[in-house]
Every structure is written in C-alpha cells, then in structure tokens.
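S.K.:
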Amino acid sequence: MNRLLLALGSLMASSLATANTFSVHCPIGCPENPPGNHQVFTHIYGMSLSPETKFANWVAYEVTPQNFGVSPGRNWDNNDALPGTTVLEEKDYSGAWKAIGVDKGHMAPLAAFANNPYWYETNYISNITPQKSALNQGPWEELESAIRKGATYESPFFVVTGSLFEKEMPSLPKADETHQIPSAFYKLVYNAKGEGVAFIMEQDSGRNDDYCAKQVPMSELSVRVGYALPSVAVDAEMVKRVGC
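Structure, rendered in structure tokens:
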C-alpha cells in the first residue's frame, strides 16, 4: 500500500512539476524538468527522467551522516511511478561491462543511504546509468566518498547528480530499447544557503584522475546542462569540505 501511495504521489508530482518545484531533496529549488521528461519523487530523492534517452537528466538528494551505514546490497527493481516504456530493464545491462566497459552507476549513491529504511530506492533501474568502470570506480567514487566525509549532522549537503549528452556513445549491446548513454556526468554540491561547488567528469576520465581537477565554474555547468539549476554560488569553505 505504501508503495502504491508513493507511486500515485510521484505521478501527481510529475504532472505538476515546474522549474520552481521545492522539495526536501532540493530545498532551495529543484532543477528544471526538461520538456517531455517524467519528474518523480521517492522517499530519498527527486528525479527527472528522459523517455528519449531512457536515463535521468538529474537526481537530487540530501547527504547526511544519519543515513550512512553498511551496504545492504544491490537488488535491482523498478520504480512503479514510471511507465515501463520510459526506462531500461536490468537485463539490458547484460554483457555491457565486457562489451563496452561500463558499470551500473548509481545517480543517488547507495552508500549515502545504506542506513535509510528506503535504501532500496537507490537500486531502482531508473536511478542507474552506464558509467565507464575507470570513472565509476575512480574519481567519481572518490568524490562521492569526499561528499559523505564532509557532510555533518549540523550541516548536511544537498546534491544534484546529472547526465550530459554531448556526443554519441556506444550503446548497451543487449538493450532492446532505443537509448543514449551519457557522455559525461556532473555533481552540484551545496548547502541550504546556496553555497556550493560543481564538478563535471567525462566518461573517458582516468581511474587515477584527481576529482578536484574536475571542478568547474557554475557558469560552465549552467551552459552545458541547458536547463535551470538551483541558484548556487561557489564557496571556498564548501570547496574545502569536499576535500579540494
């Protein structure tokens, strides 16, 4: 029953969403929902999913120590709030690592919600994007670890993780739906006062790349994203808090 109510609520949010949507997941304003996308909210994140690419343009969530814990595992599932035709299925990833070298990358990371009762929502296939293994297990993972380390009970972080589609990428070899794999990913990390820092990482990033070197100005992120983001200004203290 709870999942049904959540699904109905998420569908209502999808039809009513605008660029001025506010949520506990994005308290100073959620990113704009691009035309044609499905915007849904789970217990632990908000998302804008493209039925054209089959992947999320962005996922917004809070990072706070109360949600940290031992990983409960990866049991893939579907979000009932999203039409099945708009997302891929777990089987579509079959053979992907061997063929094109990609992992199942979480947009809202499992490690940030391992102690949350709704951790399983991070394993919805709609929260997954194909990420090159070197990126996923290298600078991307290091940035996510630094974000968890820098977040405190008194001053949690809010994060928008997003996909960029700036050039053609190889497709998942076993997928039977038309899709487009992101060519890069971004993270916008900020606090409730709108102070933050932004990063963009290309799919071909090296495993040993320094994540701090991936920091970009807010103006560059805004141009490359192409839709409205929360109003965030780069802050030196926030940069330090994520280890840069």
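Residues 0 to 243, numbered by numbering that gives the first Met the number 0, are exactly what the sequence shown covers, in order. Glycine included, every Cβ here is placed at the ideal spot set by N, Cα and C.
1. Can you check whether the CB of A107 is closer than 8 Å to the CB of S251?
2. Verify whether the separation of the beta carbon atoms of E120 and T41 is less than 8 Å.
3. Could you name the residues of the same chain whose beta carbon sits closer than 8 Å to that of D76, not counting the 5 residues immediately before and after it, in chain order?
4. Return the chain-ordered list of same chain residues with a C-beta closer than 7 Å to the C-beta of R206, the five sequence neighbours on each side being excluded.
5. Are the CB atoms of L187 and A197 within a distance shorter than 8 Å?
6. May I ask you to report which of helix, strand or coil DSSP gives Q38?
7. Relative to the alpha-carbon of T84, which residue among V224, V231 and F54 has its alpha-carbon at the smallest distance?
8. Put P138 into one of helix, strand or coil per three-state DSSP.
9. My output table needs one value for V233: the three-state DSSP class, helix, strand or coil.
10. Do the stretch 177-196 and the stretch 144-160 make contact, defined as three or more Cβ pairs closer than 8 Å?
11. For A113, which residues of its own chain have a beta-carbon under 8 Å away from its beta-carbon, when the five flanking residues on both sides are left out?
12. So within the stretch 88-123, which uninterrupted alpha helix (DSSP H) runs reach at least 4 residues, ignoring any that extend past its ends?
13. Can you tell me whether DSSP reads N190 as helix, strand or coil?
14. Would you mind stating whether M200 and A183 have Cβ atoms separated by less than 8 Å?
15. Where does T160 land, buried or exposed, given buried means 16+ other C-beta within 10 angstroms?
16. Is S49 near N36, with beta carbons less than 8 Å apart?
17. What residue from A98, E51 and G242 has the CA that sits closest to P293's CA?
18. Look up Y60 in the DSSP assignment and say whether it is helix, strand or coil.
19. What is the residue span of the alpha helix (DSSP H) that V86 lies within?
20. Apart from the five residues on each side of it in sequence, which residues of its chain come closer than 8 Å, Cβ to Cβ, to L163?
21. Let me know if P30 comes out buried or exposed under the rule of 16 or more other beta-carbons within 10 Å of its beta-carbon.
22. If contacts are defined as beta-carbon pairs under 8 Å, then D203 and K131 qualify, I think. What distance do you get, rounded to the angstrom?
23. Around the Cβ of S9, are there at least 16 other Cβ atoms within 10 angstroms (buried) or fewer (exposed)?
24. From what residue to what residue does the alpha helix (DSSP H) around S218 run?
M.R.: According to the structure data:
1. The structure shown does not extend to residue 251, since the chain spans only 0 to 243, so no value can be given for it.
2. The residue given as residue 120 occupies position 121 in the sequence shown. The residue given as residue 41 occupies position 42 in the sequence shown. It is a contact, given that the beta carbons lie within the stated cut-off.
3. As a position in the sequence shown, residue 76 is number 77, starting the count at 1. Around D76: Y119, N122, Y123 and I124.
4. In the sequence shown, the residue the question calls residue 206 occupies position 207. Excluding residues within five positions, the ones whose Cβ falls inside 7 Å are A133, Q136 and G137.
5. Translated into positions along the sequence shown, residue 197 becomes position 198. Translated into positions along the sequence shown, residue 187 becomes position 188. Yes.
6. Walking along the sequence shown from the start, residue 38 turns up at place 39. Correct three-state label for Q38: strand.
7. Translated into positions along the sequence shown, residue 84 becomes position 85. Nearest of V224, V231 and F54 to T84, Cα basis: F54.
8. Residue numbering aside, residue 138 sits at position 139 when the sequence shown is read from its first letter. Correct three-state label for P138: helix.
9. Position 234 of the sequence shown holds residue 233. V233 falls in the strand class under three-state DSSP.
10. yes
11. The residue you call residue 113 lines up with position 114 of the sequence shown. Only N66, F67, G68, V69, S70 and P71 meet the Cβ criterion.
12. 95-99
13. If you number the sequence shown from 1, residue 190 lands on position 191. If DSSP states are grouped into helix, strand and coil, N190 belongs with coil.
14. Mapped onto the sequence shown, residue 200 falls at position 201. Mapped onto the sequence shown, residue 183 falls at position 184. For M200 and A183, yes; Cβs fall inside 8 Å.
15. One-based indexing of the sequence shown puts residue 160 at position 161. By the 10 Å Cβ count, T160 comes out buried.
16. For the purposes of this step, residue 49 is taken as residue 50 along the sequence shown, with counting starting at 1. For the purposes of this step, residue 36 is taken as residue 37 along the sequence shown, with counting starting at 1. Their beta carbons are under 8 Å apart, which means S49 touches N36 by this criterion.
17. Nothing can be reported for residue 293, as the shown portion of the chain is limited to 0 through 243.
18. One-based indexing of the sequence shown puts residue 60 at position 61. Strand at Y60.
19. Translated into the one-based positions of the sequence shown, residue 86 becomes position 87. V86 -> no alpha helix (DSSP H), and no H or E assigned at all.
20. Along the sequence shown, read from residue 1 onward, the residue named residue 163 stands at position 164. P181, S182, A183, F184, Y185, I199, R223 and V224.
21. Numbered from its first residue, the sequence shown carries residue 30 at position 31. Per the 10 Å Cβ criterion, buried.
22. Counting from 1 along the sequence shown, the entry for residue 203 is found at position 204. Counting from 1 along the sequence shown, the entry for residue 131 is found at position 132. Yes, D203 and K131 are in contact; Cβ-Cβ is about 7 Å, under 8 Å.
23. What you label residue 9 is simply residue 10 of the sequence shown in a count that begins at 1. In this prediction, S9 scores a pLDDT of 43, lower than 50, which makes its location untrustworthy; no coordinate-derived value is stated.
24. Here residue 218 refers to the residue found at position 219 when the sequence shown is read from its first residue. First-last of the alpha helix (DSSP H) with S218: M217 to V224.
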